[in-house]
Amino acid sequence: MPNPKDYAILFDASRCIGCKACQVACKQWNDLEAEKTENRGSYANPPRLTAHTWISMRYYEGLRPDGDPYFDFIRGSCMHCTHAPCVASCPTGAMAHREGGVVTVDEKTCIGCRSCVQACPYEAVHFDEARGVVHKCTMCYDRISNGDQPACVKACPTDALTFGTYQEIRAMAEERVRVLKERGYARANVYGLAELGGTHVLYVLTEHPSQYDLPKAVREAEKRAATGWLSAGIAAAALGAGLKFIVERREALKGGGQ
Amino acid sequence: MRGMREVQVLSYDEFYVKHYTNASFLVNPEFKTATELDGLFSGYDPEKRTYDTSTWAYQVDENGQVRTDPTLQDPHCVFQLLRKQYERYTPEVVSKITGIPVEKLLAIYDLYSSTGRPDRAGTITYAMGATQHTYGTQHIRTYAIVQLLLGNIGLPGGGVNALRGHSNVQGSTDFALLYHDLPGYLGLPTGDKPTLEEWIASRVPKANYAPSANWWQNYPKYFISLLKAWWPEVDPKEAYGYLPKLSPHKGGIPDKSADYSHYAIFHAMLAGRIEGLIAIGQNPANSAANANLARKALDSLKWLVVVDPMETETAAHWKRPGVNPKEIQTEVFLLPSAVWAEKSGSITNTGRWAQWYDKALDPPGEAKEELWILTELVQRLKKLYAEEGGPNKEAILNLSWWEHSEHMAEEVAKEYNGYDLTTGKLMAKFADLRDDGTTACGNWLYCGAFTEEGNKMARRDPRDTHPLGLGLFQNWAYAWPANRRILYNRASTDLKGQPRNPAKWLVRWNPKEEKWEGDVPDGVAPPDKALPFIMLPEGVGRLFAAQLKDGPFPEHYEPWESALANLISGQDKNPVCKVWVGDLDVYGTPEEYPIVATTYRLTEHWHTGMMSRNVPWLLEIQPDPFVEMDVELAKSLGVKNGEWVRIKSARGEMKAVALVTPRVQPVKVGDKTLHQVGIVIHWGYQGGNPGDSANQLTPQALDPNSFIQETKAFLVRIEKI
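From first to last, the protein sequence lines are chains A and B. Following our numbering, the numbering of the first sequence begins with 1 at its first residue and continues without gaps. Following our numbering, the numbering of the second sequence begins with 259 at its first residue and continues without gaps.
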């Protein structure tokens, strides 16, 4: 479970207008390059998260049972899980939790093996070909550790995004769901409380998470990361040796490293 | 059980309607509604396509005061005429025309009309979806009528609120960047008023209902103070002669009217009447309806000056796709300009708040702010006129202008605030302006914005100044006029100035201290001395408004290009709207163009895309022009989501990505099923990801009051590529 004083972000989909201000603010703060894109029949662009796109808005449109059309928006990004599969799968410890529940990758220690890329059920972490390491949302650790809000939260024009302690954010989310239910959104729910030990990004949704490509059954993902050769003692030893070789080779190539 | 039903007045605010609207006013008995004349009002001349509005007048007594029936029963009173006008608009008929099921219509009416009580308020906000039609002004009139009936004007949470789009379009209309006006909505004089006295006499209304404050009786003070601001050393009678006057086009080209609006200018260009154009922050090659016509019109220019941060489609018209640059003789001067963060000045929003912005950084390269460019132009013009003379040279030579300085924007602001010429001090408020030539003021609405106390527009005090915490931020920036935050706020009180909703009172009269409290009221007069709607000679809101070219009441018509006959009357289209017709102004039939099209703006791009399509992160999130269409239509065309299609209208064609979505639905209107598509406007042949503009399809069919184009409803067909 997250600690009450951990950092957390609330994404309230009932307030989101799909404007992508969060997406663009993230790019600006983190100096991420713009990708070349095409319109393939959707408002979503870039179509998925990459090493250079750490937030990707998803657009869901259709007709409700009563015949009224809907247009729902989901902010896709790293969920900063408590039992983060990326952390569990990382052989070097580069992908790790900082204080406050934030998951970041240490580029100096990352060997670019992409185990985390495979492990993440949200497809939130990706490999940067040019730099040989993986990248993802940092929850703007550089901002929040200095008393500021994440860039996406600051940019959001409708208060769909809020930043605070896990305790505050969870309480807000639950209260919002209560209000939504009173207003007739019978299936309103908070997503992220049970998943992966509890995520530090919580969602308020008006429909079931499966409507938004959000995985509910993520215990399998946890298992996936935990099984395999990593858990075998012999493999661990072999890994240690191999790791030392790889790290030394990298440092030799870099000529001393940073 | 709701079956067929007559139009009923569901609920309205009886007190408000009786006391604060012209519901009780008696109209000329010869006036006929569109119910009686099958879609026309009395006085229509089909040859001239105009109305003689003499029957649209109030009945007046021997003193020129309006005659009224306070019981609202007289068949000639506005209230009864309103009922007669709309007796055809039953829920069943409206449902047939709009495709909205009767149950849904009634639910909407019930919900919204529940605000017709003093303790409830509703607001209507609107933008181009309402205005860009051949009857756009009447759409807005409908909102005004609804809000007046429900007593929603002048209270917090009420109003008819135009969502201004461009960053400073409110400022641009306040300062009359429109041909027919002068700053502060004073109106540009017409050719038939050769003297100042005649012009002023024609503009000063007489109050025709007591106790109207009739605020425009102060017109002379504002108009003469404006002349003193521009030509300080000149007697206003003489300075009046310097102003251009609106008169019909010479030689009847492009037509016999005195219309110098956007589309008239382009038709004058096409006819070879215009040598040169200065386009400042305007990109008509993309933003004009019937863009192909606009682009061709630009080809006829001898010279073109474009003041813009980017080389726009307008600047590059001579090398656009499909033309041979050798055949186009226009000499183009590009003057790169600063963007918003690179200059100081004020920007005015929907709430009439003028907010001051400070320059944050210098523009790059040779780019300059417009104030610098205009100053250079004026200085050089003055020099040329001094050396060579020319028509109306005194107007240029005597024109007051500023020297270049770091604080030019502030100096301009002070001029539009105004000065007392006897003391040299900045004016404190427009109530102090005089008509004897001893005050100067560039815009009476902004008088009070930059006073001896400083730049009020730069204030940023975020505290709510209302005792009840209503959200009245009186010390944040400056709201015109007089820092009033909600217009017509006296209408939120009863006849004694006491709030009709004490729980949310906005203004109230304090009888002990004999003054108003709360928001700045519409004038300081006590409650029994002035009616709320101070800018009208009646002093009350107009349910019936004789000033509109197409009728004192809104009437439903079909768009100029429509797939249907009008289901409410025999008059298919607006009988007085302005439509340009010619070789390039062509219109299609529903047989050739069976699909109804409208245009969209997007979040990710701005207008013609000259700024946003040059920002890689905006191109990334919205890379291509697209057209939204319903699933059935896509299927019938054999088009898949994400495929490029060609869209054609009678005027041109464009390519766009098909975005097939259940959010767009076919509409059943009468016995026809219509398919509707939404086309985004932001692309052009310049900038990043060049593409086609939706305006290559749209028509120059115009609203008769505003001359705005009907870009929200026209006909197209769509083909697979």
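Backbone N, C-alpha and C define an ideal beta-carbon position, used for all residues, glycine too.
Between the CA atoms of B:Ser505 and B:Tyr518 - distance to the nearest angstrom:
The residue given as residue 518 of chain B occupies position 260 in the second sequence. The residue given as residue 505 of chain B occupies position 247 in the second sequence. So the alpha carbons of these two residues sit roughly 9 Å apart.
Could you tell me the alpha carbon to alpha carbon distance between B:Ile826 and B:Val925, rounded to whole angstroms?
To locate residue 826 of chain B, count along the second sequence from 1; it is residue 568. To locate residue 925 of chain B, count along the second sequence from 1; it is residue 667. Cα-Cα distance, rounded: 18 Å.
So the candidates are B:His575, B:Gln923, B:Thr356 and B:Ser870; which of them puts its Cα closest to the Cα of A:Leu63?
The residue you call residue 63 of chain A lines up with position 63 of the first sequence. If we check each option's Cα against that of A:Leu63, B:Gln923 comes out closest.
Could you give the DSSP three-state label for B:Gly423: helix, strand or coil?
Your numbering for residue 423 of chain B matches position 165 in the second sequence. Of the three classes helix, strand and coil, the one that applies to B:Gly423 here is coil, per DSSP.
B:Leu960 (DSSP reduced to helix, strand or coil):
Position 702 of the second sequence, counted from the start, is the residue given in the question as residue 960 of chain B. Looking at B:Leu960 - three-state DSSP - the assignment turns out to be strand.
In or out: B:Phe299 buried (at least 16 other Cβ within 10 Å) or exposed?
Counting from 1 along the second sequence, the entry for residue 299 of chain B is found at position 41. B:Phe299 should be labelled buried.
What's the C-alpha gap between B:Val324 and B:Thr311?
In the second sequence, counting from the first residue as 1, residue 324 of chain B sits at position 66. In the second sequence, counting from the first residue as 1, residue 311 of chain B sits at position 53. Going from the Cα of B:Val324 to the Cα of B:Thr311 covers about 17 Å.
B:Ala914 bridges to which residues according to DSSP?
By one-based count along the second sequence, residue 914 of chain B stands at place 656. Paired residue(s): B:Val903.
In three-state DSSP terms, what is B:Phe216?
One cannot answer for residue 216 of chain B here, as it falls past the ends of chain B, which runs 259 to 979.
Beta-carbon neighbours of A:Gly62, restricted to chain B and to distances below 7 Å
Position 62 of the first sequence, counted from the first residue, corresponds to residue 62 of chain A. Here the neighbours are Pro920.
7 Å Cβ cut-off: residues of chain A touching B:Gly945
Looking up residue 945 of chain B in the second sequence gives position 687. The contacting residues do not exist; B:Gly945 stays about 14 Å from chain A at best.
Bridge partners - A:Phe11, DSSP secondary structure assignment
Translated into positions along the first sequence, residue 11 of chain A becomes position 11. A:Leu161 and A:Tyr203.
Residue closest to A:Val24, alpha-carbon to alpha-carbon, out of A:Phe71, A:Pro91, A:Leu196 and A:Arg75
Mapped onto the first sequence, residue 24 of chain A falls at position 24. With distances taken between Cα atoms, A:Val24 lies closest to A:Arg75.
Does the CB of B:Asn899 have a neighbour CB from chain A at under 9 Å?
Counting from 1 along the second sequence, the entry for residue 899 of chain B is found at position 641. Taking Cβ atoms only, chain A reaches closer than 9 Å to B:Asn899, which makes this a yes.
Report buried or exposed for B:Gln934, applying the criterion of at least 16 other Cβ atoms within 10 angstroms of its Cβ.
As a first step, residue 934 of chain B must be located in the second sequence, where it is residue number 676. B:Gln934 comes out buried.
Select from B:Ala537, B:Asn582 and B:Gln475 the residue whose C-alpha is nearest the C-alpha of B:Pro567.
On the second sequence, residue 567 of chain B is found 309 positions in, with the first residue counted as 1. Comparing Cα positions, the closest option is B:Ala537.
Find the nearest neighbour of B:Ala459 within the set B:Ala365, B:Asn656, B:Gly936 and B:Tyr477, judged by alpha-carbon distance.
Sequence index remark: in the second sequence, residue 459 of chain B carries index 201 (1-based). Nearest of B:Ala365, B:Asn656, B:Gly936 and B:Tyr477 to B:Ala459, Cα basis: B:Tyr477.
Taking contact to mean at least 3 C-beta pairs separated by less than 8 Å, is the segment 464-472 of chain B in contact with the segment 779-793 of chain B?
yes
So what's B:Trp227 in DSSP terms, helix, strand or just coil?
Absent from the structure is residue 227 of chain B, since the part of chain B shown begins at 259 and ends at 979.
Taking only beta-carbon atoms, is B:Ile458 less than 9 Å away from chain A?
Locating residue 458 of chain B in the second sequence gives position 200, counting from the first residue. No - not a single Cβ of chain A is within 9 Å of the one on B:Ile458.
Comparing C-alpha positions only, which one of B:Asp694, B:Arg718, B:Pro621 and B:Ser658 sits nearest to B:Gln613?
Position 355 of the second sequence, counting from 1, holds the residue named residue 613 of chain B. When only C-alpha atoms are compared, the closest one is B:Arg718.
Answer with buried or exposed for B:Met527, where buried requires no fewer than 16 other C-beta atoms within 10 angstroms of its C-beta.
Translated into the one-based positions of the second sequence, residue 527 of chain B becomes position 269. B:Met527 should be labelled buried.
Looking only at its own chain, which residues have a Cβ that is under 7 Å from the Cβ of B:Gln880, when we skip the five neighbours before and after it?
Taking the first residue of the second sequence as 1, we reach residue 880 of chain B at position 622. Excluding residues within five positions, the ones whose Cβ falls inside 7 Å are Leu860, Glu862 and His863.
Any idea what DSSP makes of B:Ile966, helix, strand or coil?
For the purposes of this step, residue 966 of chain B is identified with residue 708 of the second sequence, where counting begins at 1. Looking at B:Ile966 - three-state DSSP - the assignment turns out to be coil, as it is neither helix nor strand.
For the segment 668-683 of chain B and the segment 700-712 of chain B, state whether three or more C-beta atom pairs, one from each stretch, are separated by less than 8 Å.
yes
Thinking B:Leu703 and B:Asp439 are a contact (beta carbons under 8 Å), I'd like their distance in whole angstroms, please.
Taking the second sequence and counting its residues from 1, one reaches residue 703 of chain B at position 445. Taking the second sequence and counting its residues from 1, one reaches residue 439 of chain B at position 181. 12 Å between Cβ atoms; not a contact.
Ordered along the chain, which non-local residues of its own chain (more than five positions away) have a Cβ less than 6 Å from that of B:Gly357?
Here residue 357 of chain B refers to the residue found at position 99 of the second sequence. The answer, listed in chain order, is Val925, Lys926 and Val927.
A:Ser42 at chain B interface by Cβ criterion, 9 Å
Position 42 of the first sequence, counted from the start, is the residue given in the question as residue 42 of chain A. True, the Cβ-Cβ gap to chain B drops below 9 Å.
Going by the CB atoms, is the gap between B:Gly942 and B:Glu569 shorter than 9 Å?
Position 311 of the second sequence holds residue 569 of chain B. Position 684 of the second sequence holds residue 942 of chain B. Not closer than 9 Å, so no.
Given a cut-off of 9 Å, decide if A:Gly147 and A:Asn2 are closer than it, judged by their beta-carbon atoms.
As a first step, residue 2 of chain A is located in the first sequence; it is residue number 2 there, counting from the start. As a first step, residue 147 of chain A is located in the first sequence; it is residue number 147 there, counting from the start. Contrary to the premise, residue 2 of chain A reads as Pro rather than Asn in this sequence. Result no, Cβ atoms of A:Pro2 and A:Gly147 do not sit closer than 9 Å.
Quick one: using the 10 Å Cβ neighbour count with 16 as the cut-off for buried, is B:Asn548 buried or exposed?
The residue given as residue 548 of chain B occupies position 290 in the second sequence. Looking at its Cβ environment, which holds 16 or more other Cβ atoms inside 10 Å, B:Asn548 is buried.
At a CB-CB cut-off below 9 Å, which residues of chain A make contact with B:Val915?
Within the second sequence, residue 915 of chain B is the residue found at index 657, counting from 1. Within 9 Å Cβ-Cβ: Glu38, Asn39, Arg40 and Gly41.
Taking the alpha-carbon positions, what's the B:Val336 to B:Gly499 distance?
Counted from its first residue, the second sequence places residue 336 of chain B at position 78. Counted from its first residue, the second sequence places residue 499 of chain B at position 241. If you take the alpha carbons of B:Val336 and B:Gly499, they lie about 41 Å apart.
Given that a residue counts as buried once 16 or more other Cβ atoms are within 10 Å of its Cβ, and exposed if not, what is B:Glu771?
For the purposes of this step, residue 771 of chain B is taken as the residue at position 513 of the second sequence. By the neighbour-count rule (16 or more Cβ atoms within 10 Å), B:Glu771 is not buried but exposed.
If you draw a straight line from the C-alpha of B:Asp929 to the C-alpha of B:Ile366, how long is it?
Within the second sequence, residue 929 of chain B is the residue found at index 671, counting from 1. Within the second sequence, residue 366 of chain B is the residue found at index 108, counting from 1. Each residue's Cα considered, the two are about 24 Å apart.
Below 9 Å between beta carbons: does that hold for B:Leu973 and B:Val798?
Position 715 of the second sequence, counted from the first residue, corresponds to residue 973 of chain B. Position 540 of the second sequence, counted from the first residue, corresponds to residue 798 of chain B. For B:Leu973 and B:Val798, no; Cβs fall outside 9 Å.
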